[in-house]
Every structure is written in C-alpha cells, then in structure tokens.
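One structure below.
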C-alpha cells in the first residue's frame, strides 16, 4: 500500500522523540507553573510492499533492455576501460595488482571487484576478456544502482510514483545509459555509496545499520577515491535519521568503521615499503601528490577550456537531469526548515552541491566520468522537485466542499497539472529518444574490432612482435598471442615505466608496429618514443575515417 506523503511544502515535524499520544497533553506537575510539553510526533516510516516490488521489477526490466542492447558497439571503447579490465585480468591470473608496475594511481579495490565480476566468463571463455564483451558485467552494477535509487527514494518519503520517476531518470537518461555501460570504477563506487545512504536512512535506527553504512562508504572510497567528497553528505544523512539518544554511538561507530577500512590502503603500502617516496620504488604518497597536482582542465565557464567541453558533452546527451537535479538540490536545501521530505533529502542534495562546487573550480581537473557520482542523486532530487510541484498544484489549498465549485476547482487543478506535464515532456522526449536510439543502434567500435582482427590474422609470429597499443586493444592482442608486457606494450609505459623503457634501449627502433588510435595520436605529443614510432612509420592498414580512424603503422628503419 502506498501512503500519501508530504512533499517539499509540508511542515510536519521530524523530531527524534517517540510518537506523541493521541490524547491531550498532560497537565503540568503541581508547583511548576507551566504546562508539560508533549513529545513531538515522528512521521511514520514508509513501508514498501508488493506493489513497490512489482513496479520496481517492471522498470528494471525496461532499463536493463535499453542498457544491454548494443552495449559492445556503443559508446566507443576507451583506454580507461581497457586499463581497469587489464588490471582485473592481472588479479585473476595472479600477476599482481596491475598488468604493469602498480604505482598507486587508484586504490586497487575497484578492479579487484571487477575481477570478481568477470571471473566466471573469463574462466569459461578466456578470449572473451575484452572491453566490448565484458561491458555486460556492468549490467549487474547498473541494476543494483537502479534498485537502490528506488529504495532510497521511498526511504526519503517520496511517493511511489515519484520513486519510479527517479528510477527512470537514473536508468534511462541517455547520459546515464552511455556512462553506465562503460567499465568505469565510478559505477562500482556509486553502487556502494548508494548502499551506504540506504543503510544510513534506515527507519529502524539499528546501530548496525549505521556501522554498515560507514563500512560501505569506505569501500566506495577505496573503489574510487573521488567518492571521498561525498562522505560529509553521508554523515548528514546519518545524523538526520539517527535517534538523538543513540546518535553519538551511531555516528562515532560509523566514522570508526569507515576509518579502519580506509586505513587498510596506506597499511598495505606501508607493509610493502611503498608508503613514502624513494628512489627505487613507487609510493602511495607520490601517487596521491600526482593526483592532487595534475594539470587542470580549466573552468567550466570558459568556452575554450577542456572542462567546458566536458560539460557541453554531458548536456548534449541530457540537459534535463543535470540542470533539473541541481535545481532540485537548491529547493531541497532551502526547504529543510519546514518540510519532512526536504530534511530526509538533505544528504543527497548536499552531494549534488558539493560535486557541483568542486566541478566549478577554475583550475581543477574535470574528467568525463566525474558526473557518474552525481547521477543517482540528481535523479532523486529532480523526482523530489516534480513531486513538490505536483503537491502544490493538486493538494495545497483544495476546497473541502463537493459542490459545483469544488468540482470545477479540481478539474482546473488537474488540467493545469496535465498542461505542465505535457509542456515539460515535449523538449525532453525527443532528446531522450534520439540519444537512446543512437545508443541502441550505432556501431562506433567497428574500427577497433577490425584492427584487432588484422593484428591477429595478418601479423606472422605475434609472440616475437612488439607493438605499441592503447589499453582498449591490449587484451585483444594478448589473446591473439602477443606477449603481454614486452610484446603488446601499453603505449604510455614505453616512455613512463622504467621497467618497460629498459627493454627499449634504442627507443622507437625496437618496436615493430604502432596501432595509432585516436588516444595514441592525441597523447603521443608528450611521449618521445611513441611520437618517434608514429613519425617513422607508414600505415599498412587504416580502419575508419577522420579523427576516429585507427591506423596500423609499420615502423620504418627499425633495428628489428
């Protein structure tokens, strides 16, 4: 059964005190001279039932079909996906935490989980351990996130239809479809953070819920360290939903659990003698310094900056979710003084505000996958904003009479709501339809598949050949017989990893081929060996046209 819930304009109390007696407040004790105060009534928690389960399941089926259809062909394969998957393969094979020297660029827990997700298909069909095929493993993560969005919406006192709207916004937005299909650590980290918020907002207020929320938050941070920005909002949610009598135990326990789990990462580095910088080894501190001092991509408000280009790409796929969710966050934070739902949604709203402020730094670095952290919370807040508008139009100030005037007033309300709904959908539906139709029909990875097939079929004795390649194709070459590491070389490592550079004493002359994908051509400017290999080679096969083409180039005048 669905309970009628207050929207953002409600003024009900959220006191932590037990529910008040329905009888009148008791008189004050003799001699006090004042009346005793009745404890405030706490709003009843939302109970989910069979209808919620059926609705959530139906929506999940639709979301999974849209996200799975054509998943290996769109969007384009990225070097980051290949890197994470190659590192997961190294874990599976027992070769360490990475396919090359692990230099503490990210905590390894993310691709350790990815190794677990892909373990069974990699065991059944090892040749399937490639980026396009293993994208299907991300569907389980997307499904878990979509379900948690629905459950968190219900715990945040949104009605059933608004919770369904949040799930649809998160699962079917073209921006979400494109990003959730890809093998990014951010998607796994978001799943753990949503679980942490769901546990922190438990209406039962058991202490173990809050301890588990702290642990889930730590796992999220160790999956992708940028989720550290979200922890203050998780603490706010825990504070809002905990009982004041046990709040100090709940919050301190959650912080302790989060800290203890998080400290496992520096403890691992310390035990490996890699915590502090040294001349002959990598270190956690050096990796952290690199991440904190990497060149910025400019301000999102500067039309010429890379950050603005990233923002423009997000809005190209979907402007409704980012802008509407940010507006919902502002409304929620402004309404926390008088709205039960706003107070319940304060944590997610704070997440969006924090991430927006960090993204707006004039000198910060803004990667394309950054918005993944905000997507579920943007969906929740946009759904809350829609629920608030619906409450204002349909429920506030409605007449009590059932006469002609009351019927006319009700008809006018529903007419206004219908006009507003249709007006809101008119600009949204065409963009979502085009975006999802592209995701479900376009094949932008044909060039990668053709290049992998050429390197597999046209190059004799691949075990004796050395190739510079991006990580999106690295696993394809490994399965084709190229030696992982010194044979199939992730192109960055040729210049940046001393262990690989030592095997190339003559630089580019020790290489036979370079597979010049867009990523390789773009980053070769700052990599002397890779740049030399491209400049001193001739294309023997080209797949695609324009900037997205993939060139297989044979090194001319090499020593091999």
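Numbering (our numbering), first residue to last: 8 to 567.
Glycine is no exception: its CB is placed at the ideal position from the N, C-alpha and C atoms.
As the structure is a computational prediction, the values presented were derived from the model and not from experiment.
If contacts are defined as beta-carbon pairs under 8 Å, then residue 174 and residue 200 qualify, I think. What distance do you get, rounded to the angstrom? Counted from its first residue, the chain shown places residue 174 at position 167. Counted from its first residue, the chain shown places residue 200 at position 193. Incorrect: roughly 17 Å between the Cβ atoms, too far for contact.
Can you tell which of 553, 552, 559 has the C-alpha that lies nearest to the C-alpha of residue 544? Here residue 544 is taken as the residue at index 537 of the chain shown, counted from 1. Of the listed residues, the one whose Cα sits closest to residue 544 is 559.
Roughly how far, in whole angstroms, is the beta-carbon of residue 80 from the beta-carbon of residue 451, given that I think they are within contact range, below 8 Å? Working through the chain shown from its first residue, we reach residue 80 at position 73. Working through the chain shown from its first residue, we reach residue 451 at position 444. Contact flag correct, Cβ pair sits at about 7 Å.
Are there 16 or more other CB atoms within 10 angstroms of the CB of residue 546, so buried, or fewer, so exposed? Numbered from its first residue, the chain shown carries residue 546 at position 539. So residue 546 ends up on the exposed side.
Cβ neighbours of residue 261 in the same chain (closer than 7 Å, five flanking residues each side left out): Position 254 of the chain shown, counting from 1, holds the residue named residue 261. Cβ within range, chain order: 217, 218, 220, 221, 245.
Apart from the five residues on each side of it in sequence, which residues of its chain come closer than 6 Å, Cβ to Cβ, to residue 97? Your numbering for residue 97 matches position 90 in the chain shown. So the qualifying residues of the chain are 103, 105, 106.
Taking the alpha-carbon positions, what's the residue 463 to residue 509 distance? Mapped onto the chain shown, residue 463 falls at position 456. Mapped onto the chain shown, residue 509 falls at position 502. Looking at the two C-alpha atoms, the distance is approximately 27 Å.
Where does residue 557 land, buried or exposed, given buried means 16+ other C-beta within 10 angstroms? The residue given as residue 557 occupies position 550 in the chain shown. Buried: at least 16 other Cβ atoms inside 10 Å.
Stretch-stretch touch, CB-based, cutoff 8 Å, three pairs: the stretch 456 to 476 with the stretch 359 to 368: no
How is the alpha helix (DSSP H) around residue 535 delimited, first residue to last? As a position in the chain shown, residue 535 is number 528, starting the count at 1. It spans 535 to 542 - the alpha helix (DSSP H) in which residue 535 sits, taken as one unbroken run.
Helix, strand or coil at residue 22 [DSSP, three-state]: In the chain shown, the residue the question calls residue 22 occupies position 15. Summary for residue 22: the model assigns pLDDT 37, below 50, so the residue's position carries little reliability, and this model does not support an answer.
If I measure Cβ to Cβ from residue 29 and keep anything under 8 Å in the same chain, skipping five residues before and after, which residues do I get? Along the chain shown, one-based indexing puts residue 29 at 22. Its pLDDT being 39, under 50, residue 29 is placed unreliably in this model, and the coordinates cannot settle the point.
Let's see if you can read the secondary structure: which residues bound the alpha helix (DSSP H) around residue 497? Taking the first residue of the chain shown as 1, we reach residue 497 at position 490. Taken as a continuous stretch (DSSP letters only), residue 497 belongs to no alpha helix (DSSP H), being part of the beta strand (DSSP E) at 495 to 497.
Provide the residue(s) that pair with residue 546 in DSSP beta bridges, ordered along the chain. For the purposes of this step, residue 546 is identified with residue 539 of the chain shown, where counting begins at 1. The partner list for residue 546 (beta bridge, DSSP) reads 560.
In angstroms with no decimal places, state the Cα-to-Cα distance between residue 374 and residue 418. Along the chain shown, one-based indexing puts residue 374 at 367. Along the chain shown, one-based indexing puts residue 418 at 411. When rounded, the distance between both Cα atoms is 49 Å.
Entirely within the stretch 339 to 426 and at least 4 residues each: give me those alpha helix (DSSP H) ranges in chain order. 347 to 351, 353 to 366, 382 to 401
In whole angstroms, give me the CA-to-CA distance for residue 160 and residue 453. Residue numbering aside, residue 160 sits at position 153 when the chain shown is read from its first letter. Residue numbering aside, residue 453 sits at position 446 when the chain shown is read from its first letter. Spanning the two alpha carbons is a distance of roughly 40 Å.
So, is residue 319 buried or exposed, given that buried needs 16 or more other C-beta atoms within 10 angstroms? Here residue 319 is taken as the residue at index 312 of the chain shown, counted from 1. By the 10 Å Cβ count, residue 319 comes out exposed.
Would residue 562 be called buried (16 or more neighbouring beta carbons within 10 Å of its own) or exposed? For the purposes of this step, residue 562 is taken as residue 555 along the chain shown, with counting starting at 1. With 16 or more Cβ atoms within 10 Å of its Cβ, residue 562 is classed as buried.
Specify whether the stretch 149 to 157 and the stretch 284 to 304 touch according to this definition: at least 3 beta carbon pairs, one from each stretch, less than 8 Å apart. no
State the start and end residues of the unbroken alpha helix (DSSP H) segment that holds residue 507. The residue labelled residue 507 in the question sits at position 500 within the chain shown. 505 to 508 is the extent of the alpha helix (DSSP H) around residue 507.
Determine the extent of the alpha helix (DSSP H) in which residue 206 is found, giving its start and end residues. Here the question's residue 206 lines up with position 199 in the chain shown. Looking at the DSSP string, the run of the alpha helix (DSSP H) that includes residue 206 is 192 to 207.
Can you check which of these residues, 89, 470, 322, 534, is closest to residue 490 by C-alpha distance? Translated into the one-based positions of the chain shown, residue 490 becomes position 483. Ranking the options by Cα distance to residue 490, first place goes to 470.
Given a cut-off of 8 Å on the beta-carbon distance, is the pair residue 382 and residue 336 in contact? Your numbering for residue 382 matches position 375 in the chain shown. Your numbering for residue 336 matches position 329 in the chain shown. Result no, Cβ atoms of residue 382 and residue 336 do not sit closer than 8 Å.
Please list the terminal residues of the continuous beta strand (DSSP E) segment that includes residue 523. The sequence position of residue 523 within the chain shown is 516, counting from 1. From DSSP, the beta strand (DSSP E) with residue 523 extends over 520 to 523.
Separation of residue 258 from residue 31, as counted between CA atoms: As a working note, residue 31 is residue 24 in the chain shown. As a working note, residue 258 is residue 251 in the chain shown. Bear in mind that a pLDDT of 43 at residue 31, under 50, signals an unreliable position, so the number given afterwards is only what the model happens to contain. Computed Cα separation, rounded: 35 Å.
On a CA-only basis, which of 446, 506, 202 is nearest residue 180? Give me that one, please. The residue given as residue 180 occupies position 173 in the chain shown. Closest by alpha carbon: 446.
Quick check on the DSSP output: the beta strand (DSSP E) that includes residue 476 runs from which residue to which? Locating residue 476 in the chain shown gives position 469, counting from the first residue. Residue 476 -> beta strand (DSSP E) spans 474 to 476.
Do you know how far the Cα of residue 172 is from the Cα of residue 390? Numbered from its first residue, the chain shown carries residue 390 at position 383. Numbered from its first residue, the chain shown carries residue 172 at position 165. Each residue's alpha carbon lies about 6 Å from the other.
Starting from residue 290 and walking both ways along the alpha helix (DSSP H), at which residues does that stretch end? Numbered from its first residue, the chain shown carries residue 290 at position 283. Taken as a continuous stretch (DSSP letters only), residue 290 belongs to no alpha helix (DSSP H), as it is neither H nor E.
Counting pairs of beta carbons, one from the stretch 65 to 77 and one from the stretch 184 to 191, are three or more of them closer than 8 Å? yes
Apart from the five residues just before and just after residue 435, which ones in its own chain have a Cβ nearer than 6 Å to its Cβ? Against the chain shown, residue 435 aligns to sequence position 428. Within the same chain, residue 435 has close Cβ partners 327.
Which of the three DSSP states is assigned to residue 273 in this structure? Here the question's residue 273 lines up with position 266 in the chain shown. In this structure, residue 273 counts as helix in the three-state DSSP scheme.
I need the DSSP call for residue 114, collapsed to helix, strand or coil. If you number the chain shown from 1, residue 114 lands on position 107. Reduced to three states, the DSSP call for residue 114 is coil.
Taking 6 Å as the limit between beta carbons, can you name the residues of its chain near residue 378, skipping five residues before and five after? The residue you call residue 378 lines up with position 371 of the chain shown. Only 321 meet the Cβ criterion.
Looking at the structure shown, is residue 491 part of a helix, part of a strand, or coil, going by DSSP? Counting from one through the chain shown, the residue named residue 491 turns up at place 484. Reduced to three states, the DSSP call for residue 491 is strand.
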